[in-house]
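In the order they appear, the protein sequences are chains C and R.
The first sequence begins at 267 in the numbering used here and counts up by one.
The second sequence begins at 267 in the numbering used here and counts up by one.
Glycine included, each C-beta is placed from N, C-alpha and C at the ideal position.
In what follows, a single structure is set out as C-alpha cells and then discussed.
2 protein chains.
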Amino acid sequence: MSFNPPVNSIMYLLRYGFAMDNLRENVSEDIVGDELVSDILNGASGFARDVLAPLNRVGDEVGAALSDGVVTTAPGFKEAYKAYCDAGWQGLAAPEEIGGMGLPQVINVAVNEMLYGANMAFGLCPMLTASALNAIIAHADDGLKSKYVEKMVSGEWSGGMNLTEPHAGSDLGVLRTKAVPNDDGSYAISGQKIFITWGEQDCSENIIHLVLARLPDAPAGSRGISLFLVPKYFVGDDGSLGKQNNVKAIGLEHKLGIHGSPTCVMEFDGAKGWLVGPENRGLACMFTMMNEARLFVGVQGVAIGERAYQGALSYASERVQGRVIGGAEQASILGHPDVRRMLMDMKTGLMGARTINLATAVAGDLAKCLADETERKQAHAREALLTPIAKSYGSDMGVRVASIGLQIHGGMGFIEETGAAQHYRDSRITPIYEGTNGIQAIDLVGRKVRKDGGEAMFSLINDLEKIHEEASGMDVDIIVSLESGIRVLKLATDMIVAGDDRDVLSVASAYLDLCGDVVSGALLTQAVMNGQKANDPQASAMQDLLKYHALTLLPQAQSKLAQIKAGADAVFTLPVSQLADL
Amino acid sequence: MSFNPPVNSIMYLLRYGFAMDNLRENVSEDIVGDELVSDILNGASGFARDVLAPLNRVGDEVGAALSDGVVTTAPGFKEAYKAYCDAGWQGLAAPEEIGGMGLPQVINVAVNEMLYGANMAFGLCPMLTASALNAIIAHADDGLKSKYVEKMVSGEWSGGMNLTEPHAGSDLGVLRTKAVPNDDGSYAISGQKIFITWGEQDCSENIIHLVLARLPDAPAGSRGISLFLVPKYFVGDDGSLGKQNNVKAIGLEHKLGIHGSPTCVMEFDGAKGWLVGPENRGLACMFTMMNEARLFVGVQGVAIGERAYQGALSYASERVQGRVIGGAEQASILGHPDVRRMLMDMKTGLMGARTINLATAVAGDLAKCLADETERKQAHAREALLTPIAKSYGSDMGVRVASIGLQIHGGMGFIEETGAAQHYRDSRITPIYEGTNGIQAIDLVGRKVRKDGGEAMFSLINDLEKIHEEASGMDVDIIVSLESGIRVLKLATDMIVAGDDRDVLSVASAYLDLCGDVVSGALLTQAVMNGQKANDPQASAMQDLLKYHALTLLPQAQSKLAQIKAGADAVFTLPVSQLADL
Chain C
267 MSFNPPVNSI MYLLRYGFAM DNLRENVSED IVGDELVSDI LNGASGFARD VLAPLNRVGD
327 EVGAALSDGV VTTAPGFKEA YKAYCDAGWQ GLAAPEEIGG MGLPQVINVA VNEMLYGANM
387 AFGLCPMLTA SALNAIIAHA DDGLKSKYVE KMVSGEWSGG MNLTEPHAGS DLGVLRTKAV
447 PNDDGSYAIS GQKIFITWGE QDCSENIIHL VLARLPDAPA GSRGISLFLV PKYFVGDDGS
507 LGKQNNVKAI GLEHKLGIHG SPTCVMEFDG AKGWLVGPEN RGLACMFTMM NEARLFVGVQ
567 GVAIGERAYQ GALSYASERV QGRVIGGAEQ ASILGHPDVR RMLMDMKTGL MGARTINLAT
627 AVAGDLAKCL ADETERKQAH AREALLTPIA KSYGSDMGVR VASIGLQIHG GMGFIEETGA
687 AQHYRDSRIT PIYEGTNGIQ AIDLVGRKVR KDGGEAMFSL INDLEKIHEE ASGMDVDIIV
747 SLESGIRVLK LATDMIVAGD DRDVLSVASA YLDLCGDVVS GALLTQAVMN GQKANDPQAS
807 AMQDLLKYHA LTLLPQAQSK LAQIKAGADA VFTLPVSQLA DL
Chain R
267 MSFNPPVNSI MYLLRYGFAM DNLRENVSED IVGDELVSDI LNGASGFARD VLAPLNRVGD
327 EVGAALSDGV VTTAPGFKEA YKAYCDAGWQ GLAAPEEIGG MGLPQVINVA VNEMLYGANM
387 AFGLCPMLTA SALNAIIAHA DDGLKSKYVE KMVSGEWSGG MNLTEPHAGS DLGVLRTKAV
447 PNDDGSYAIS GQKIFITWGE QDCSENIIHL VLARLPDAPA GSRGISLFLV PKYFVGDDGS
507 LGKQNNVKAI GLEHKLGIHG SPTCVMEFDG AKGWLVGPEN RGLACMFTMM NEARLFVGVQ
567 GVAIGERAYQ GALSYASERV QGRVIGGAEQ ASILGHPDVR RMLMDMKTGL MGARTINLAT
627 AVAGDLAKCL ADETERKQAH AREALLTPIA KSYGSDMGVR VASIGLQIHG GMGFIEETGA
687 AQHYRDSRIT PIYEGTNGIQ AIDLVGRKVR KDGGEAMFSL INDLEKIHEE ASGMDVDIIV
747 SLESGIRVLK LATDMIVAGD DRDVLSVASA YLDLCGDVVS GALLTQAVMN GQKANDPQAS
807 AMQDLLKYHA LTLLPQAQSK LAQIKAGADA VFTLPVSQLA DL
C-alpha cells in the first residue's frame, strides 16, 4: 500500500495546462520556473510518500481518541505534523511578508493533491489552518493579525472552523451560538458546534478557532451572524501561551471514514473571543475563503482517487488469475480487457478532474497578478465559476474511482486489510462537506451563471470553442465528441440562464455534471495540444487518455440534455404521497 | 431506521409486469392467485419488518465472532433464524414433493427482496442454503438426497458453498483442495477455502457444505474438479446428528460491510465427503445453480437500495433546513428540488432494476411450466440472457442508490449511527460476489449473446419493440427515448455478435449497462401500460417514474455507443508502461 505521488502527470499539466502560459507571463520566473516547480513537487512527493503515506492505515485503524476533553491522534501523526511544519509546507502559498513562500495557488494545489493522496485525514488539519488563516488575513484587525498570523503560517498553531450546529448545517442562518460583549472589547462565546474537523488534537501547540455566533441584538437569520476568533490557549502579548480558554471537545464522531481526522463536538462555555470583521457580517467573511476550501475538497477527491488507482493498478499487475486472450498460461489480470477498461476509467476521470482543479487555481492566481483590472475581474469570475465544478466533479470522481478501485480487487477489495475499502470510505465525505455537491450545483446555476446573465460561463465556453478550433487536426473521435459536448453545454447554459428558478434548481446537478465532463474534455485537449507543440514525449499518453475521455465521458453530455429540458416537471410530478411505497 | 418492505410496488409489478400474464396462463391459480400472492407478500413483509429489520444494526455493530472454531452470530440472529424456519420461508419455491410450497421463483424473488432489504447479512444464510440445496437436488444420488434434502428445505440445516481459494477466485480451474477416495465410497477432503459465507455459525443445527476439490487422478484445470457434500456434523441413517466432521472455521474476514454475515476461512482436514454428480464435473454442477444465486444478488442490490431509499426519504421528510422556493418558513429538505431529484434517481433506478429481476425469475418459471418444449427452451435462454444483467444492473444500482441515500443525509450520512453508511458499505459486496460484474459482462457477451449468434438477445429486442409499438399513445418523451434506446441496443448487439473477441470483451461492461437501461425502460413501459388497461390507480405514479427513467436513464444508452464502436483500441492503446504516473 505504498503511494507514489503522480509528479509527472501533475508536472505535465503545470507545463501545458489551461492558462498556465498566461500565468507564467504575469508572475516572476522566481515562483513558476520549471526547475523550482519540479523541485517543490519532488520535495512534496518525497514527504508525502515517506512521511504521510505510511501513516494512512494506522490513522484509519487506530484513529483519534477523546478522553477528558483531550484528543490523542493516531500514533505517528504528531511527529509527522511537526515534520510538516518544519519543512514549511503550510506557508507555501502564503504571502512572503507574513512568512510564507508566496507561491501561486496552482502549485499549492499540486502539492496538496500529493499530501491528501498520501493521507487525507492528516491533510485536513493544514487545510483548516489555511482556511482560518485566510479569513484572519482578510478580515481581522492588525492586533489579532500580529498575534496569530505568523504562527499559523508556520503551522505551529492550527486553525479550526466552527460553523455547523445540529439544526444548522447547510443553512447557517439559523445558528444559535451566542456572543456577549465583555467589558474589555472581547466577547463571551457560548454554544455547541458539531462536525468540527481537527477541532481538538495534540499535534499543534495551539488551535485558533474561528466561530460563527450571534450578538445579543443581532437581526434574525443569516444577516445576524458574526465571526469570532477563539484561541484554545490564550496568547500573551509576548506570544507566550497562557491558560486554556473555555472551549473543549465533548465528543468525537464515529464516522464512515477519515478516522485519522478527529471530528469533534465542540463546547464553548463563555469562551473568550474577538470579533473578526464587522458585526453581523460573519457569513460574508466566511465566504471569502469558502472558494479555496471548496477547491481543496475537489483536490481531495482526485487525490484519494489517485491513491485508489495506484492500489488497483498494483493489485492488477500482481494478481494472477485466468488467461488472457490467446494466452496459454495464467496471467495477471492487467491483461484482461475489462480490468484494463476499469483502469482507464479511473485514470482518465482523474486526469480530467485534475485539469479542472488546476484551471480553477490558475484563475485565482490570475485574479491576483494580472495588470489589467478588467482582466483581473474576469479571472476572478472564472475562478468563482469553476470552483463549484471543481469541488463537485472532483469529489464525485473520487468516490467513483475509489469504488472502481475496490472492484478491481474482487473479493479482496471488500476485506479491510487490503486498503481499497478505506479509500471507498474516506472519499465519501468529499461530496458532502464544505457545502454538499447539491449546494455547489445551486451555487453554480444561481450565483455563478444566472446572476451575471451567463457572462462568465459564455466566456468560458468561448475559450473551449477556441480550443476546439485549434484541435481541428486531431483524431476525429475527439473533435466530434468535443464539438458535440460544447454545443450541448451552450444549449444547456441558455436554458439555465432563461429558465425559472424551480426548473433550474431541479436540473442544477445534471448541469454541473455536464459542465464537468465538457470542461475537463476541452482542458485535456488543450494540454495535449500544448504538449505536442513542445514535442513532449508524454503528450502521446495524454492523448490516449483524451481519446478515452472523448469516447466515454464527453458523450454523457448529450444524455443530460433531455433532463435539463424537462426542468422541474420530471422531478416534482410524482406526488409526495407516492414517494414512499406506491 | 425502520423498514417497510415495498409491498405495493412489488405487487404492482407481479400483477402487470413482463410475461406475468403468460405465467398466470400456464400455472395453477393455486400458486399465482392475487389473493395468495398478496397474503404471502404481506406475511413476508411483516416478518421482514418486525423480526429481521430490527437486527440489521446489531448485525453491523456486533457482527459475528469466532472462538475455537465456533462462530457466534450477533445477538438475536439465532432466534430470528428459528422463526424464519418455523414460518417455512426457506421452502417457498422448493417443490412440494420434498416439503416445499412449490411457488414460482418470481414470488420467491419478491419475498427475498423484502428479507434482504430488512437484513441482507441474515438473508445470505438462506440464500446459500437454497444454492446448495439446488445443487443437491439436481446432482446428488438418492441416498444423499433422502438424508439431506428435507432438513435443508425446512432450513433446520443450512448450506455452505466452498469454492474460492486464495489463488483461485474468479478462475476456479486452478483450485488445489484434494479429495482422496476412502474405502467406504466416501472421500477425504483436504484444503483451505476462503470467503465462505455463513461457513460456520450457531443458527442452524447442521451445515451441509458443498466443496469443490480435485480427485488424485483428475485432469488439470477446470475439467478436473469434482463436487462433494461435506456435512459439519455426520448424519446417521435415522437422521440423527453424530460427531463433528474434520471441517472447521479457522478465521473470519474483517470486512467493509455485511458484518452480520460470518465470512469464514474454512479448513478441511481429511473431512469426510460424498461425491455429488459425476467425477470431474463439479464446475458444471455448480453452474446449474449459479443462475439463481446471481439473480438473487441482483435482488440484494435492489433490496439494500430500497432500504437506503426509505431511510433517505424519511430523513428528507424530517430534516428542516433552509426555505423552499417561494416559502417564508424553514421547511423540510424534501421540498428542495435537488433533494427531490436525488429521491427520484433512487426510486426510478430501483424500480427499473426490480423489473429486470422479476422478468428474469418469470423467464425461469416459464422455462419449467410451459407446455411446448421449444417455448420452454426459449424461456430458458431468456432467463440465461437476463441473469447477468439482473445481477450486475441490480447490484450496481444498489451501490449507486445507497451512495445517493447517504448524500441526502448530508453530514449525518457520514456518521455511522445514522445507518445510511451501513447500506453504502453492505451494498458494495454485491457487484463482487457470485462472479464480479466484469465476469457477468463477459458471460453476457460470450455465452449469452455471441454463442447463439444473438438469437436470444434479438428475441428480447423483438419483445421490447412490440412494447414500444403498443406504447405509441404515451408521452412523447417516453416514446422517443425508448425508441432511441432500442435502436442503440440493436446496433450494439450487431457489433457484439460480429466483433472480435478482444473488442467485444473490452466493451462488455458498457454493453451490459446499456442493456440494463434499455430493458428496464421497456419493461417499466409495459408495466405502466398493463396497469393503465386495468385502470389501476397506481399506474399513474408508475408512469411518473417511467417518464423520469426516459429522461435520465434511457438517454445514457446513446452515450455508450461511441465506446462500443471503438472496441479494444480505446482500452489498450495506452501502453502498460504508461499506466502508472505518465
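The C-alpha of R480 of chain C lies about 42 Å from the C-alpha of A285 of chain C. Straight-line measurement puts the Cα of A834 of chain C at about 7 Å from the Cα of V773 of chain C. Between E422 of chain C and E471 of chain C a beta carbon distance of about 5 Å is seen, short of the 8 Å cut, so the two are scored as contacting. If you ignore the 5 residues before and after E545 of chain R, its C-beta comes within less than 7 Å of the C-beta of L481, S492, all in its own chain and listed in chain order. Of the other Cβ atoms in all chains shown, 16 or more fall within 10 Å of the Cβ of I705 of chain C; this residue is therefore buried.
For the pair V565 of chain C and V375 of chain C, the CB atoms are nearer than the 7 Å cut-off. Around K714 of chain C, the same chain offers A650, L651, P654, A722 as residues with beta carbons nearer than 7 Å, after the five sequence neighbours per side are excluded.
Under the Cβ criterion of 7 Å, D767 of chain R is counted among the residues facing chain C.
Closer than 7 Å at the C-beta level to chain C, one finds these residues of the region 812-840 of chain R: K813, Y814, L817, T818, P821, Q822, Q824, S825, A828, Q829, A832, A834, A836, V837, F838, T839, L840. Counting along the chain, K756 of chain R sits inside the alpha helix (DSSP H) bounded by residues 742-764. With 16 or more other CB atoms across the displayed protein chains lying within 10 angstroms of its CB, D611 of chain R is buried. Residue ranges of uninterrupted beta strand (DSSP E) with 3 or more members, entirely inside the region 480-557 of chain C and ordered along the chain, are 492-497, 499-501, 507-510, 513-518, 529-542.
Of all residues in the region 689-708 of chain C, only Y690, R691, R694, I695, P697, I698, Y699, T702, N703, G704, I705, A707, I708 place a beta-carbon less than 9 Å from a beta-carbon of chain R. If only complete runs of 3 or more residues are kept, the region 325-406 of chain R shows the beta strand (DSSP E) at 331-333, 336-338, in order along the chain. When only Cα atoms are considered, S294 of chain C and D287 of chain C end up about 12 Å apart. Around E682 of chain C, the beta-carbon contacts reaching into chain R at under 7 Å are H520, K521, L522. Under the three-state reduction of DSSP output, R585 of chain C falls in the coil class, being neither helix nor strand.
With 16 or more neighbouring CB atoms inside 10 Å of its own CB, V667 of chain R falls in the buried class.
The three-state reading of DSSP puts H475 of chain R in strand, counting E and B together. Looking at the DSSP output, K459 of chain C bridges to C:M532. P271 of chain C carries a coil assignment under DSSP once its states are collapsed to helix, strand and coil. Excluding sequence positions up to five before and after S420 of chain C, its CB lies within less than 8 Å of the CB of C351, G354, Q356, G357, G365, all in the same chain and listed in chain order. Within the region 604-615 of chain R, contact with chain C at the beta-carbon level (separation under 8 Å) is assigned to D604, V605, R606, R607, M608, L609, M610, K613. One Cα belongs to G505 of chain C, the other to K413 of chain C, and the distance between them is close to 7 Å.
In this structure, L624 of chain R lies near L279 of chain R, with their beta-carbon atoms less than 7 Å apart. Contact annotation for V842 of chain C against chain R: L600 [CB-CB distance below 8 Å, chain order]. For a Cβ distance threshold of 7 Å, residue set L579 of chain R lies close to A846 of chain C, ordered along the chain. CA-to-CA, the gap between H734 of chain R and T554 of chain C works out to about 53 Å.
Collapsing the DSSP output to three states places N428 of chain R in a strand. For the pair K813 of chain R and I744 of chain R, the CB atoms are nearer than the 7 Å cut-off.
The residues E572, in chain order, have a CB closer than 7 Å to that of P272 of chain R in the same chain once the five nearest residues on each side in sequence are set aside. At a cut-off of 7 Å between beta carbons, F284 of chain C makes no contact with chain R.
The straight-line gap separating the alpha-carbon atoms of G615 of chain C and V501 of chain C is approximately 47 Å. For N308 of chain C, the nearest beta carbon of chain R is not closer than 7 Å to its own beta carbon. Beta-carbon to beta-carbon, S658 of chain C and L778 of chain C are separated by about 5 Å, close enough to satisfy the 8 Å threshold. Distance from the CA atom of G409 of chain R to the CA atom of A454 of chain R, rounded to whole angstroms, is 19 Å.
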